[in-house]
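A quick write-up on the structure given underneath.
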DNA sequence: TAATTTATACTACAATGTAGTACATATAGG
DNA sequence: CCTATATGTACTACATTGTAGTATAAATTA
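Residue numbers (this note's numbering), protein chains in the order written: chain A, 1215 to 1324; chain B, 1215 to 1324.
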């Protein structure tokens, strides 16, 4: 009887990217990871809106990155996944696997 | 440069259920499959609304089932997946896999 | 202090998720 | 027949998520 709110499809991609990057995830790097692995190009606007919602739901947490870097521009907001976020991601991915594993006439390997 | 519209999370579950059932899928059986494998209980209203949208987008096709059966009640509307639907499902599942495979501290097997 | 670079925030609207309620149509019994 | 029961779909309304365009912020450099 776990917490059982569902994640959207893009929310899953974003949570997975944050988890992958273990502490160094921020807007641009998350976008790049999704572009490289999921073969799609969300706008930064779309991404930040989703990040804000995930944080409001307490599935991720953010902190401002160090300002003193040898580069120009505004500070990064760094994201980490919260236990609840990881749990929901696992549930959602597992549900999808249970529905799709073992399907015949599947183009990529079962 | 394939067709690249994205599927929602629930749409993926529904398409997968239809594909699994190979020609015998209808409202109630799809709902039951999702309940059994994805551990959630969508209302039939939610399911039919999604089926109607999938058909409008030509990702599935439907036909009325035979009326002459030894049972009461209205005829079933049977669903099959269209090539486009299968392709989009494959793309979406593959994207998710590419994002989540190989993650460490993953509760279920990599 | 203006230009450039890097990055986030805001806003509005489209698409998807969700369930409640109503409706349709078959069989069975009197 | 007519109505009760069983089975299943359609309609409607609203909440949540997806999406991108535009504006803003804050650092470095000249």
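Each residue gets a CB set at the ideal place from its N, CA and C atoms; glycine is no exception.
From a predicted model like this one, the values you see are computed outputs, not experimental measurements.
Close beta carbons around residue i, own chain, < 7 Å, minus the five adjacent residues each side
i	result
residue 1264 of chain B	1224, 1225 and 1228
residue 1245 of chain A	1256, 1258 and 1261
Residue i (DSSP reduced to helix, strand or coil)
i	result
residue 1257 of chain A	coil
residue 1215 of chain B	The pLDDT assigned to residue 1215 of chain B is 42, lower than 50, so where the model puts this residue is not dependable, and the model offers no usable value.
residue 1288 of chain B	coil
residue 1280 of chain B	coil
residue 1227 of chain A	helix
residue 1265 of chain B	helix
residue 1317 of chain A	coil
residue 1221 of chain B	coil
For residue i: DSSP bridge partner residues
i	result
residue 1239 of chain A	A:1293
residue 1311 of chain B	Beta-bridge pairing links residue 1311 of chain B to no other residue.
residue 1274 of chain A	A:1295
Same chain only: Cβ atoms within 6 Å of residue i, ignoring 5 sequence neighbours per side
i	result
residue 1219 of chain A	none
residue 1302 of chain B	1221
residue 1239 of chain A	1232 and 1293
Other residues of its chain near residue i: CB distance less than 8 Å, five sequence neighbours each side excluded
i	result
residue 1274 of chain A	1229, 1232, 1265, 1268, 1293, 1294, 1295, 1296 and 1299
residue 1276 of chain A	1265, 1269, 1291, 1292, 1293 and 1294
Residue i beta carbon near the ligand ADP (any heavy atom closer than 7 Å)
i	result
residue 1303 of chain B	Because no ligand of any kind appears in the structure shown, any question about the ligand ADP cannot be addressed here.
- Query: What residues in the segment 1220-1249 of chain A have a beta carbon less than 7 Å from any beta carbon of chain B?
  - Reply: Per Cβ criterion, the list reads 1220, 1221, 1222, 1223, 1226, 1227, 1230, 1231, 1233 and 1234.
- Query: Listed from N- to C-terminal order along the chain, which residues in the segment 1300-1311 of chain A have their beta-carbon within a distance smaller than 9 Å of any beta-carbon of chain B?
  - Reply: Residues 1300, 1301, 1303, 1304, 1305, 1306, 1307, 1308, 1309, 1310 and 1311.
- Message: Short of 9 Å Cβ to Cβ, which residues in the segment 1251-1275 of chain B face chain A?
- Response: Hits within the stretch, in order: 1251, 1252, 1253 and 1254.
- Near-chain B residues of the segment 1283-1300 of chain A (beta-carbon distance less than 7 Å), N- to C-terminal order: From the segment 1283-1300 of chain A, no residue has a Cβ closer than 7 Å to chain B.
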